[in-house]
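J.: Read in order, the letters of the sequence shown correspond to residues 400 to 456 in the numbering used here.
Have a look at this one before I ask anything.
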Amino acid sequence: MKSEFLMIRDDECKAEKIMFSNATKIVNCSGCGRTLAENRGGKAVLLANVTVVKHLG
């Protein structure tokens, strides 16, 4: 599966953020600062309470 950009939303504070599907660093929420995604050696793994709003290609 190819890599792409994703718009994700933190379901707790409703802040949205654009991230790369193969992110190499931890992705934190810009609203509350909690961790939204982690790298596990390939595709980033979205954590609980995160929704993919849109695939940006």
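Note that beta-carbon positions come from the ideal geometry of N, C-alpha and C, so glycine has one too.
Between which two residues does the beta strand (DSSP E) containing Asn438 stretch?
T.: Per DSSP, Asn438 belongs to the beta strand (DSSP E) from 434-438.
J.: For Ile425, does the three-state DSSP call read helix, strand or coil?
T.: Of the three classes helix, strand and coil, the one that applies to Ile425 here is coil, per DSSP.
J.: Answer with buried or exposed for Asp410, where buried requires no fewer than 16 other C-beta atoms within 10 angstroms of its C-beta.
T.: So Asp410 counts as exposed.
J.: What residue range does the beta strand (DSSP E) around Lys413 cover?
T.: Note, Lys413: premise wrong, no beta strand (DSSP E); not H, not E.
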